[in-house]
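Below is one structure, written out as structure tokens; the observations come after it.
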Amino acid sequence: MPHDRGSSLLVAIDNLLYLTEKGQCNRLTVSFSAGATVTSIIEMAISYNYEYLAMFTDTGLLWIGSADLQKVYCEFNTSCPSRPKQLTWCAMGAVICYWDDYLDVVGPTMDTIRYPLINKIILYDDQTSFPTICEASYLTARTC
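According to full-length UniProt numbering, the sequence shown is numbered sequentially starting from 1.
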């Protein structure tokens, strides 16, 4: 995560977050909703402007908040505790969680759209718009 003094690295170990920068390692506290029992953060994605963070937990909870962890925009129960194949931002407005047979697009106010999938896909991040979605079996430079 870049900032004015250089870059830093955000690391999740179980349900704890650590921010490392310039030889320091600081433990950060994440607040999950009162009823959420989170034992592990298993996937993270930072927005293209480095202001927002999405975290996916072992209980299927998708946490969307500020990168400094000071503000929580939403916590969405995906009802799927398995790790998504991809977790990526859709410009700066929503997070896409992709599993084998569907993908969820979740906005910061918990607006959600679920798209069922027939074929496997690959998401290519595009910071200016929606990620490009390509069918894996037809993947060539021209189809994407």
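Just so you know, even glycine gets a beta-carbon here, dropped at the ideal spot from N, CA and C.
- If the five residues before and after Y115 are omitted, its C-beta is found closer than 7 Å to the C-beta atoms of Y102 and L103, all from its own chain and listed in chain order.
- Residue environment analysis places Y98 among the buried positions, since at least 16 neighbouring C-beta atoms fall within 10 angstroms of its C-beta.
- The shortest C-alpha to C-alpha distance from D100 to any of G93, L87 and D111 is the one to L87.
- Residue state for V38 is assigned as coil, using DSSP reduced to three classes.
- By the beta-carbon neighbour count (other beta carbons within 10 angstroms, threshold 16), G23 is exposed.
- The Cβ neighbour count for L17, taken over all protein chains shown within 10 Å, is at least 16; the residue is labelled buried.
- The three-state reading of DSSP puts I118 in coil, since its state is none of H, G, I, E or B.
- Per DSSP, the unbroken beta strand (DSSP E) holding V105 starts and ends at Y102 to V106.
- L53 carries a strand assignment under DSSP once its states are collapsed to helix, strand and coil.
- Taking C-beta separations shorter than 7 Å and ignoring five residues to either side along the sequence, the partners of P81 in its chain run D58, T59 and G60, following chain order.
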